[in-house]
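Enquirer: The sequence shown stops at residue 934 when you use the working numbering, and every number in between is there. For glycine and all other residues, C-beta sits at the position ideal for the given N, C-alpha and C. Predicted, not measured: the structure shown is a model, and the values here were computed from it. Pasting in a structure now, in structure tokens, and then I'll have a few things to ask.
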Amino acid sequence: MIFDTHAHFYGETLFRHLAARADVPRVETTAGRRYMVTPTSRFELGGGFVSLSDRLAWMDAQGIDRQLITFPGALGPDVLPIADSRALVMDVNDELAATCAAHPARFTALAGLPLADLDVSIAELERSVRTLGLPGAIIPSNYFLSLAGITALWPLLEHANRLGAHLMLHPGQRHDESLAPKSYPDLTLHRASTIDLHGGITHALVSLIHSDAMRAFPHITWQVVNLGGTFPFVVERMDHIVATRDPAAPRPSQLLGEIVFDCASLGPRALEMAVTVFGADRVMFGTDYPIFTSDVSARALAEARLTDADRALVAAGTATAIFAREAVRRAGP
Numbered sequence: 602m603i604f605d606t607h608a609h610f611y612g613e614t615l616f617r618h619l620a621a622r623a624d625v626p627r628v629e630t631t632a633g634r635r636y637m638v639t640p641t642s643r644f645e646l647g648g649g650f651v652s653l654s655d656r657l658a659w660m661d662a663q664g665i666d667r668q669l670i671t672f673p674g675a676l677g678p679d680v681l682p683i684a685d686s687r688a689l690v691m692d693v694n695d696e697l698a699a700t701c702a703a704h705p706a707r708f709t710a711l712a713g714l715p716l717a718d719l720d721v722s723i724a725e726l727e728r729s730v731r732t733l734g735l736p737g738a739i740i741p742s743n744y745f746l747s748l749a750g751i752t753a754l755w756p757l758l759e760h761a762n763r764l765g766a767h768l769m770l771h772p773g774q775r776h777d778e779s780l781a782p783k784s785y786p787d788l789t790l791h792r793a794s795t796i797d798l799h800g801g802i803t804h805a806l807v808s809l810i811h812s813d814a815m816r817a818f819p820h821i822t823w824q825v826v827n828l829g830g831t832f833p834f835v836v837e838r839m840d841h842i843v844a845t846r847d848p849a850a851p852r853p854s855q856l857l858g859e860i861v862f863d864c865a866s867l868g869p870r871a872l873e874m875a876v877t878v879f880g881a882d883r884v885m886f887g888t889d890y891p892i893f894t895s896d897v898s899a900r901a902l903a904e905a906r907l908t909d910a911d912r913a914l915v916a917a918g919t920a921t922a923i924f925a926r927e928a929v930r931r932a933g934p
């Protein structure tokens, strides 16, 4: 069995809302073709972006049994002003829940939250978990780039803890940041899409493990995407620096608590390193579909030099155990 724990859902509800917008993110139609226009790209909407049957066929071809589909937070609709985001987010969450209900053996979903208003976000998380039956939500990782940013989310995190929620930290801006793309002198493809993206994930993870949230909210499961950015590669240096300069402080490698990682868009060598550093019981398969539609993730899982037991955990065992544990938490008193 393979459980893809990092995939995104678009759908007609989202397109309808974005087609009414003049600013990005928006959907525009040219010569009968629909295009998604984001702060950084413009691409035609087709295949798995619009067709559930295409998505299911792709999953079958990749050997993927179940997929965790999320609100498409990287586009930024969840951090628009509340007047623009509230109905959009709620409607897309409804479609996510309906998709899971129609295909209960194939999909689990994470909600979006209208983050420009924390009270509205709390109410939508409550509705998504208690009424729609979703296990949690996706949150832009820029909220976790500092300890102060995490503190600003405290009321939302308190409620997530009471719900026993699953929170995915995924690259994306805060509501008080510009959606305009960052300027680079050159090599933007690599500096933006790999180096800065994974650096940002690493910053978010380091903030999280050193924040009071790990102690205060033991019933949240934190999913950090893309194997935690550069963390598996640099954590030994981080431990070494702490041992040298602040020997009484805990080592970063010992602070992971209820954090798990997906391996979306990365290759077999990265997966091997992550399993060695984190343990296979913290690592989950992921693809970032439909952004990526090749067989890179499936080949990484097949080609990684792992034991059969560890490969089975990454493929589905870790994710299955985590979501089962979360369901027990939510069903409790």
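Quick test of your reading: A675 and H771, contact by CB under 8 Å. State the CB separation rounded to the nearest angstrom.
Expert: Within the sequence shown, residue 675 is the residue found at index 74, counting from 1. Within the sequence shown, residue 771 is the residue found at index 170, counting from 1. Correct: roughly 7 Å between the Cβ atoms.
Enquirer: Could you tell me if P741 is buried or exposed, where buried requires 16 or more neighbouring beta carbons within 10 angstroms of its beta carbon?
Expert: What you label residue 741 is simply residue 140 of the sequence shown in a count that begins at 1. Result: buried.
Enquirer: In this structure, does DSSP put V651 in helix, strand or coil?
Expert: Here residue 651 corresponds to residue number 50 of the sequence shown, with the count starting at 1. V651 falls in the coil class under three-state DSSP.
Enquirer: Do you know how far the Cα of S779 is from the Cα of C701?
Expert: Here the question's residue 701 lines up with position 100 in the sequence shown. Here the question's residue 779 lines up with position 178 in the sequence shown. Roughly 33 Å separates the two Cα atoms.
Enquirer: List the DSSP bridge partners of W823.
Expert: On the sequence shown, position 222 is the one that residue 823 refers to. Its beta-bridge partners are L768, I860.
Enquirer: Comparing alpha-carbon positions, which option in E645, G649, D624 lies nearest A935?
Expert: This structure leaves residue 935 out entirely; the chain is present only between 602 and 934.
Enquirer: Can you check the region 612-672 for any beta strand (DSSP E) of at least 3 residues that lies completely inside it and give the ranges in chain order?
Expert: Counting only runs of 3 or more, we get 627-631, 634-638, 643-645, 667-671.
Enquirer: Take every Cβ of the region 712-725, pair it with every Cβ of the region 806-814, and state whether three or more of those distances are shorter than 8 Å.
Expert: With a cut-off of 8 Å, the region 806-814 and the region 712-725 do not count as touching, because too few Cβ pairs lie within range.
Enquirer: From L748, A623, D840, pick the residue whose C-alpha is nearest to that of P851; which is it?
Expert: The sequence position of residue 851 within the sequence shown is 250, counting from 1. For P851, the nearest C-alpha among the options comes from D840.
Enquirer: Using 8 Å as the cut-off, can you tell me whether the region 915-923 makes contact with the region 623-638, which would need three or more C-beta pairs spanning the two stretches below that distance?
Expert: Counting Cβ pairs under 8 Å, fewer than three are found: no touch.
Enquirer: For A611, does the count of other Cβ atoms within 10 angstroms reach 16, so buried, or fall short, so exposed?
Expert: For the purposes of this step, residue 611 is taken as residue 10 along the sequence shown, with counting starting at 1. It should be pointed out that residue 611 corresponds to Tyr in this sequence rather than to Ala. Looking at its Cβ environment, which holds 16 or more other Cβ atoms inside 10 Å, Y611 is buried.
Enquirer: For a minimum of 3 consecutive residues, which ranges assigned as the beta strand (DSSP E) are wholly contained in the region 850-920?
Expert: Whole beta strand (DSSP E) segments, 3+ residues: 860-863.
Enquirer: Would A761 and L735 be called neighbours here (beta carbons separated by less than 8 Å)?
Expert: Counting from 1 along the sequence shown, the entry for residue 761 is found at position 160. Counting from 1 along the sequence shown, the entry for residue 735 is found at position 134. Going by C-beta atoms, A761 is not nearer than 8 Å to L735.
Enquirer: Under the rule that 16 or more other beta-carbon atoms within 10 Å means buried, what is Y785, buried or exposed?
Expert: For the purposes of this step, residue 785 is taken as the residue at position 184 of the sequence shown. The residue is exposed, with fewer than 16 neighbouring Cβ atoms inside 10 Å.
Enquirer: List, from N- to C-terminal side, the alpha helix (DSSP H) runs of 4 residues or more that fit wholly inside the region 672-747.
Expert: Taking only runs of at least 4 residues, the alpha helix (DSSP H) segments lying wholly in the region 672-747 are 683-703, 719-727.
Enquirer: Does the region 616-626 come into contact with the region 926-934, if we say contact requires no fewer than three beta-carbon pairs (one atom in each stretch) closer than 8 Å?
Expert: In short, these stretches do not touch, since the Cβ pair count stays below three.
Enquirer: Just checking my contact of H799 with G830 at CB under 8 Å: how many whole Å lie between their CB atoms?
Expert: The sequence position of residue 799 within the sequence shown is 198, counting from 1. The sequence position of residue 830 within the sequence shown is 229, counting from 1. About 4 Å; that satisfies the 8 Å criterion.
Enquirer: Could you tell me the alpha carbon to alpha carbon distance between V826 and A621, rounded to whole angstroms?
Expert: Position 225 of the sequence shown, counted from the first residue, corresponds to residue 826. Position 20 of the sequence shown, counted from the first residue, corresponds to residue 621. Rounded to whole angstroms, V826 to A621 spans 31 Å at the Cα level.
Enquirer: Contact defined as beta carbons within less than 8 Å: I believe P879 pairs with S898. What is the distance between those atoms, to the nearest angstrom?
Expert: Translated into the one-based positions of the sequence shown, residue 879 becomes position 278. Translated into the one-based positions of the sequence shown, residue 898 becomes position 297. Correcting the residue type first, residue 879 is Phe in the shown sequence and not Pro. Not a contact, Cβ separation roughly 17 Å.
Enquirer: Can you tell me whether D863 is buried or exposed, with buried defined as 16 or more other CB within 10 angstroms of its CB?
Expert: Here the question's residue 863 lines up with position 262 in the sequence shown. Classification for D863: buried.
Enquirer: Is F818 helix, strand or coil by DSSP?
Expert: The sequence position of residue 818 within the sequence shown is 217, counting from 1. Looking at F818 - three-state DSSP - the assignment turns out to be coil, as it is neither helix nor strand.
Enquirer: For L653 and A913, I'd like the C-alpha separation in whole angstroms.
Expert: Within the sequence shown, residue 653 is the residue found at index 52, counting from 1. Within the sequence shown, residue 913 is the residue found at index 312, counting from 1. Whole-angstrom Cα-Cα distance: 27 Å.
Enquirer: Can you look up T606 in the DSSP assignment and give me helix, strand or coil?
Expert: Mapped onto the sequence shown, residue 606 falls at position 5. In the structure shown, T606 sits in a strand (DSSP, three-state: E or B).
Enquirer: Nearest CA to the CA of R627: which residue from D685, G765, A905?
Expert: Here residue 627 refers to the residue found at position 26 when the sequence shown is read from its first residue. Residue D685 is the option with its Cα nearest to R627.
Enquirer: Using the rule of at least 16 other Cβ atoms within 10 Å of the residue's Cβ for burial, across every protein chain shown, is I860 buried or exposed?
Expert: Locating residue 860 in the sequence shown gives position 259, counting from the first residue. So I860 counts as buried.
Enquirer: Between which residues of its own chain and T709 is the CB-CB distance below 6 Å, once the five residues before and five after are set aside?
Expert: Mapped onto the sequence shown, residue 709 falls at position 108. So the list reads L669, once near-sequence residues are dropped.
Enquirer: Taking its Cβ as the centre, do 16 or more other Cβ atoms sit within 10 Å of Q855, making it buried, or is it exposed?
Expert: As a first step, residue 855 must be located in the sequence shown, where it is residue number 254. By the neighbour-count rule (16 or more Cβ atoms within 10 Å), Q855 is not buried but exposed.
Enquirer: Taking the alpha carbon of A706 as the point to measure from, which residue in M660, V680, P682 has its own alpha carbon closest?
Expert: Mapped onto the sequence shown, residue 706 falls at position 105. Nearest C-alpha to A706: M660.
Enquirer: Helix, strand or coil for T831? Go by DSSP, reduced to three states.
Expert: For the purposes of this step, residue 831 is identified with residue 230 of the sequence shown, where counting begins at 1. Coil.
Enquirer: Under three-state DSSP, which class holds R775?
Expert: Along the sequence shown, read from residue 1 onward, the residue named residue 775 stands at position 174. Reduced to three states, the DSSP call for R775 is coil.
Enquirer: Quick check: what's the CA-CA separation for E672 versus T845?
Expert: Position 71 of the sequence shown, counted from the first residue, corresponds to residue 672. Position 244 of the sequence shown, counted from the first residue, corresponds to residue 845. Reading the sequence as shown, one finds Phe at residue 672 and not Glu. About 43 Å.
Enquirer: Hey, how far is the Cα of V730 from the Cα of L764?
Expert: Taking the first residue of the sequence shown as position 1, residue 730 is located at position 129. Taking the first residue of the sequence shown as position 1, residue 764 is located at position 163. In a straight line, the C-alpha of V730 is about 7 Å away from that of L764.
Enquirer: Out of A688, S747, A781, which one is the CA nearest neighbour of A805?
Expert: Working through the sequence shown from its first residue, we reach residue 805 at position 204. Comparing Cα positions, the closest option is S747.
Enquirer: Identify whether A781 lies in helix, strand or coil by the three-state DSSP scheme.
Expert: Here the question's residue 781 lines up with position 180 in the sequence shown. Of the three classes helix, strand and coil, the one that applies to A781 here is coil, per DSSP.
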